[in-house]
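The numbering of the sequence shown is my numbering, which starts it at 144 and goes up by one.
Structure record follows, encoded as structure tokens.
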Amino acid sequence: MSNHLIPKKILSLPFSANNMALHSLLLVDNGYTVQQSLSLIFSCQNSSFIQKSINLTTELVYGFLRTEPRIVFILSYFLKKPGNIPRPMYLLLGLSVYSLLFLNNLKQYSIIYTVVDSVHYLYDQRLASVANAVLRSVQRNLVLLQHLEFYMKFSSSKIDALSIFYGIPLWIVKIWLDDYGFDDCIRLMQRSLLRPWRCLRVNALHPDAYRIYNKLLDSGGISIASWGVAFAPGCMPLEVDTIPISQLHNDGVISYQSAGSQIALDMLHLDAWTQPVWDVCAGFGGKTFTLLEQGIPVKFCTDLTLSRLSALPLECQRLHLSQPVVSLADASHTPISRWYGHILVDAPCSGLGVLARRPDIRRRSCNLLSKYVATQKSILSACLSLLQPGMQLAYITCTLRKQENDSLIESLLHKNTDLQLLVQWQTPHDHPWLEGMYCALLKKNGGY
144 MSNHLIPKKI LSLPFSANNM ALHSLLLVDN GYTVQQSLSL IFSCQNSSFI QKSINLTTEL
204 VYGFLRTEPR IVFILSYFLK KPGNIPRPMY LLLGLSVYSL LFLNNLKQYS IIYTVVDSVH
264 YLYDQRLASV ANAVLRSVQR NLVLLQHLEF YMKFSSSKID ALSIFYGIPL WIVKIWLDDY
324 GFDDCIRLMQ RSLLRPWRCL RVNALHPDAY RIYNKLLDSG GISIASWGVA FAPGCMPLEV
384 DTIPISQLHN DGVISYQSAG SQIALDMLHL DAWTQPVWDV CAGFGGKTFT LLEQGIPVKF
444 CTDLTLSRLS ALPLECQRLH LSQPVVSLAD ASHTPISRWY GHILVDAPCS GLGVLARRPD
504 IRRRSCNLLS KYVATQKSIL SACLSLLQPG MQLAYITCTL RKQENDSLIE SLLHKNTDLQ
564 LLVQWQTPHD HPWLEGMYCA LLKKNGGY
């Protein structure tokens, strides 16, 4: 495991979910995504790292990152000089604050003792005493810390307090306020604080598809799009008809894919596509596989990242699908000069619709926002230059920001009078848990 990023003494901490979460957060500090950090941590554990520990570690890391602005405020309130605290100790304190606030199934004395013991091991008795004093203060004030009114007393405006309370950086809050208004902004903040639902996609081409799909629904799942089944946090079954979920995945019967992605594809009605499809920003291929399983002829997949594309052939084998041609390419500089089919653009975006599932996005700088719009415009311009009359282009993002969504498409239609908008959809702001997705289907006039 990236030992150069985690000091040896921290790696030698006694085994616990809390200490594994610390390892993961230190990797996030060094530029890893939350998924990458956890995958690396779990891949280095032996068989003693049981599923219960994996689940708790995951909850701690995701929970800390979802609520980090509130945790930072709380630690600043109870620490005299938070900037003087060593970063690993600060993260251990933050993990404990999250546990005390949100994990009612854990014993408070155990949460505090575990962290104080780790701080003593890493540093000295003085800092261990500081850790104990801070966490005891948090424990005594838990009721206050769980209500918005506490943060209102120390904020210059209600918006500032809401930003802290819901763990949403102020620059994101301001975007949602400007784009959607106060009420919808509150709804989006509330949704982004919640644990995300998990969703499976049943392989429609598998001979056992209907039976497994219905069994998943019988197990408490909710039907999503054509072949998706969503489960509330902690409710996904470990097996279906005595068959482990892991085996169903290995056998190509099911795949993991977010509900929002599946619904966006469904709303575009791409099942009507019969011409060859080019997935321009294919990534790991989730949308390509969804289309292939429905008999839609995806023939060409490109992406800028080799590590993502390299997984696509193995996934095709697992799902028993014909493999499209794969090419490493920048979508802004298309690797082909002609394309006689449809085009799917799952565009790089700011990701403001998936803050619950990708909480590390909250750490990004608002300075990146202009970069996303420029990239999207460049990709769409390159793709539209190849789109033939009568063919369609599907545009999808997982963000909630007008400049990257409907305003961008509106500008595109204004500049390209030969384009027609067939479908435009965005996740309803009042949906209680679904990721924020946007999609549009464009057709170039002429042809057939």
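Glycine included, each C-beta is placed from N, C-alpha and C at the ideal position.
Looking at C-alpha atoms only, which residue of the options is the closest neighbour of residue i?
| i | options | result |
| --- | --- | --- |
| residue 589 | 378, 572, 563 and 582 | 563 |
| residue 168 | 184, 545, 156 and 351 | 184 |
| residue 495 | 527, 561 and 569 | 569 |
| residue 309 | 556, 582 and 502 | 502 |
| residue 460 | 477, 435, 565 and 471 | 435 |
| residue 485 | 298, 441, 352 and 384 | 441 |
| residue 451 | 552, 311 and 423 | 423 |
| residue 325 | 550, 279 and 305 | 305 |
| residue 119 | 510, 394, 468 and 396 | The first residue shown for the chain is 144 and the last is 591, placing residue 119 beyond what the model contains. |
| residue 592 | 340, 586 and 500 | In the structure as shown, the chain begins at 144 and stops at 591. Residue 592 is therefore absent and cannot be evaluated. |
| residue 573 | 547, 323 and 511 | 323 |
| residue 206 | 242, 287 and 319 | 242 |
| residue 481 | 458, 527 and 300 | 527 |
| residue 288 | 225, 244, 338 and 301 | 244 |
| residue 217 | 265, 229 and 280 | 280 |
| residue 198 | 223, 246 and 394 | 246 |
| residue 267 | 238, 228 and 511 | 228 |
| residue 335 | 315, 254 and 321 | 315 |
| residue 208 | 180, 225 and 254 | 180 |
| residue 337 | 202, 455, 552 and 282 | 202 |
| residue 419 | 483, 457 and 359 | 483 |
| residue 215 | 550, 506, 552 and 553 | 506 |
Could you check whether residue j and residue i sit closer than 8 Å to each other, using their CB atoms as the reference points?
| i | j | result |
| --- | --- | --- |
| residue 200 | residue 164 | yes |
| residue 491 | residue 448 | no |
| residue 425 | residue 409 | no |
| residue 437 | residue 347 | yes |
| residue 472 | residue 525 | no |
| residue 277 | residue 234 | no |
| residue 577 | residue 403 | yes |
| residue 372 | residue 356 | yes |
| residue 213 | residue 318 | no |
| residue 177 | residue 204 | yes |
| residue 312 | residue 340 | no |
| residue 444 | residue 431 | yes |
| residue 523 | residue 555 | yes |
| residue 160 | residue 196 | yes |
| residue 264 | residue 148 | no |
| residue 232 | residue 259 | no |
| residue 396 | residue 351 | yes |
| residue 504 | residue 511 | no |
| residue 493 | residue 547 | yes |
| residue 286 | residue 411 | no |
| residue 500 | residue 401 | yes |
Sort out for me which residues DSSP pairs residue i with in a bridge.
| i | result |
| --- | --- |
| residue 568 | 582 |
| residue 620 | Nothing can be reported for residue 620, as the shown portion of the chain is limited to 144 through 591. |
| residue 345 | 397 |
| residue 387 | 382 |
| residue 197 | None; residue 197 has no bridge partner. |
| residue 373 | 342 and 365 |
| residue 587 | 562 |
Using a Cβ-Cβ distance under 8 Å, would residue i count as near chain C?
| i | result |
| --- | --- |
| residue 570 | Judged by its chain identifiers, the structure shown contains no chain C, having just a single protein chain. |
- Query: Counting Cβ pairs closer than 8 Å, one from the stretch 413-426 and one from the stretch 378-390, do we hit at least three?
  - Reply: no
- Item | Segments assigned alpha helix (DSSP H), at least 4 residues, entirely inside the stretch 527-575 | 549-558
- Determine, using beta-carbon pairs with one atom in the stretch 525-541 and one in the stretch 481-496, whether at least three such pairs fall under 8 Å. yes
- Residue ranges of each alpha helix (DSSP H) within the stretch 274-335, 4 or longer: 285-288, 291-295, 301-309 and 313-323
- Task: Report yes or no: do the stretch 362-372 and the stretch 333-348 share at least 3 C-beta pairs separated by less than 8 Å?
- Result: yes
- Item | In chain order, each alpha helix (DSSP H) run of at least 4 residues that lies wholly inside the stretch 455-520 | 455-462
- Item | At least 3 beta-carbon pairs within less than 8 Å: the stretch 573-583 vs the stretch 541-552 | yes
- Task: Count the CB pairs spanning the stretch 510-526 and the stretch 450-467 that are closer than 8 Å, and state whether there are at least three.
- Result: no
- Check whether the stretch 319-333 touches the stretch 373-389, counting contact only when three or more Cβ pairs, one atom from each stretch, lie closer than 8 Å. no
- Contact the stretch 266-273 vs the stretch 292-300: 3+ CB pairs below 8 Å: no
- Query: Of all the alpha helix (DSSP H) runs that stay within the bounds of the stretch 402-432, which reach a length of 4 or more residues?
  - Reply: 402-410
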